[in-house]
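In UniProt numbering, the protein residues as written are 1 to 308. Backbone N, C-alpha and C fix where the C-beta goes; we use that ideal spot for every residue, glycine too.
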Amino acid sequence: MKQLAVVLSFLAVFFLVWGLAVGLAGRRLAVRERLARLNQKARRLPLEDLEKPFFERVILPILQRFSGRLARMMTKDKKALLEKRLLMAGNPFHMTAEQFRAAQYLSAMLGLGTGMLLAAVFRAGPLSMFLGEVSLLLAGFLLPDLLLKWRIKARQEALRKSLPDVIDLLAVSVEAGLGFDAALAKVVEKSKGFIAEEFARVLDEINIGKPRRDALRDMAARNGVDELTVFVGAIIQADMLGVGITNVLRVQSRQMRQLRRQQAEERAMKAPVKMLIPMVVFIFPVIFIILLGPGVIKLIKEFSRIYK
Numbered sequence: 001m002k003q004l005a006v007v008l009s010f011l012a013v014f015f016l017v018w019g020l021a022v023g024l025a026g027r028r029l030a031v032r033e034r035l036a037r038l039n040q041k042a043r044r045l046p047l048e049d050l051e052k053p054f055f056e057r058v059i060l061p062i063l064q065r066f067s068g069r070l071a072r073m074m075t076k077d078k079k080a081l082l083e084k085r086l087l088m089a090g091n092p093f094h095m096t097a098e099q100f101r102a103a104q105y106l107s108a109m110l111g112l113g114t115g116m117l118l119a120a121v122f123r124a125g126p127l128s129m130f131l132g133e134v135s136l137l138l139a140g141f142l143l144p145d146l147l148l149k150w151r152i153k154a155r156q157e158a159l160r161k162s163l164p165d166v167i168d169l170l171a172v173s174v175e176a177g178l179g180f181d182a183a184l185a186k187v188v189e190k191s192k193g194f195i196a197e198e199f200a201r202v203l204d205e206i207n208i209g210k211p212r213r214d215a216l217r218d219m220a221a222r223n224g225v226d227e228l229t230v231f232v233g234a235i236i237q238a239d240m241l242g243v244g245i246t247n248v249l250r251v252q253s254r255q256m257r258q259l260r261r262q263q264a265e266e267r268a269m270k271a272p273v274k275m276l277i278p279m280v281v282f283i284f285p286v287i288f289i290i291l292l293g294p295g296v297i298k299l300i301k302e303f304s305r306i307y308k
């Protein structure tokens, strides 16, 4: 009996250890298979998706979820105006009007959350907490719009600055015997910046069958730069009338440089007026304190002696 008990105990322990070993091995095998499947999925991911910026991979899908509901709330006029502003800014993140509005609401919620956190940390009173949260809520909602305005202004200024040099390069290319489309391609190849991107888009539209005049008009409309609109109008008119385009380009370049010089002179004339407010608010009070301070201190001492 004792021998039988020993054998049974040995077999029980053996099968227990064997079962644990098999279970652990199976679990390890399952984990390896899952890791292998995950690696295969990771390899199957397109390289383009992995190279996309964080905003397009993470933030933009979140905004896409909210944009569906906001599409019903926005009127056609507001949507068209916002889409035009995004085009004028170059739309670097490829956002729709609904996604931009969703970004405003999410930014407002982030501002509200920041206000609540600061109120809890500094133990603000009810009035201070309310004013702080409302201020950060409004600031969060307005921040994307302010950034969009800044982007539009900076982009338009960059287009104005680079346009005369680009027109000169166009004129030289046309004089060398290239056609207008080939000259545009040469400008895109040799230039950088927003103007090169716009001309590249014009060439792409022409290559897919869009008339050159329509492509140029669309470029002028989506940027909102007066100098670019005048340039496009002159090119289209020269094309319609059969006028030599080289002379038109030279005249346009000369006029734009004169206009840029006039704008610089205008800004220089406005500078003294703009400097007046900082001088009155910040510089003059300091000068008065430095000049009159010692005299005022002496007068206070003299009056204090008299009335003693």
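Simplified DSSP assignment, three categories, for residue i
i           : result
residue 300 : helix
residue 25  : For residue 25, the predicted structure reports a pLDDT of 47, less than 50, and the residue's modelled location is therefore unreliable. A value from the coordinates is still provided. Residue 25 falls in the helix class under three-state DSSP.
residue 219 : helix
residue 247 : helix
residue 178 : coil
residue 210 : coil
residue 160 : helix
residue 92  : coil
residue 125 : coil
residue 190 : helix
residue 224 : coil
residue 75  : coil
residue 242 : coil
Through-space distance from residue j to residue i, alpha-carbon basis
i           : j           : result
residue 352 : residue 106 : Because residue 352 is not part of the residues shown, which for the chain are 1 to 308, the question remains open.
residue 227 : residue 264 : 15 Å
residue 124 : residue 81  : 40 Å
residue 148 : residue 251 : 34 Å
residue 275 : residue 304 : 41 Å
residue 298 : residue 279 : 28 Å
residue 84  : residue 289 : 52 Å
residue 211 : residue 241 : 17 Å
residue 142 : residue 104 : 7 Å
residue 267 : residue 273 : 10 Å
residue 174 : residue 190 : 15 Å
residue 76  : residue 94  : 19 Å
residue 233 : residue 176 : 23 Å
residue 282 : residue 120 : 36 Å
residue 271 : residue 153 : 19 Å
residue 319 : residue 146 : The question about residue 319 has no answer here: the residues shown for the chain are numbered 1 through 308.
Burial state of residue i, where buried means 16 or more other Cβ atoms lie within 10 Å
i           : result
residue 223 : buried
residue 42  : Its pLDDT being 44, under 50, residue 42 is placed unreliably by the model, and the measurement read from it follows with that caveat. When all chains shown are included, residue 42 counts as exposed.
residue 195 : buried
residue 115 : buried
residue 225 : buried
residue 312 : Here the chain comprises residues numbered 1 to 308, so residue 312 is not present and cannot be evaluated.
residue 284 : exposed
residue 302 : exposed
residue 253 : buried
residue 231 : buried
residue 155 : buried
Cβ contact check for the stretch 108-120 and the stretch 239-249: 3 or more pairs under 8 Å: no
Contact between the stretch 163-171 and the stretch 94-102 (3+ Cβ pairs under 8 Å): no
Cβ pair count under 8 Å reaching 3, the stretch 196-212 against the stretch 179-188: yes
Touch test, the stretch 252-269 against the stretch 145-164, Cβ-Cβ under 8 Å, three pairs minimum: yes
Inter-stretch contact (C-beta, 8 Å, three-pair minimum) for the stretch 120-138 and the stretch 205-217: no
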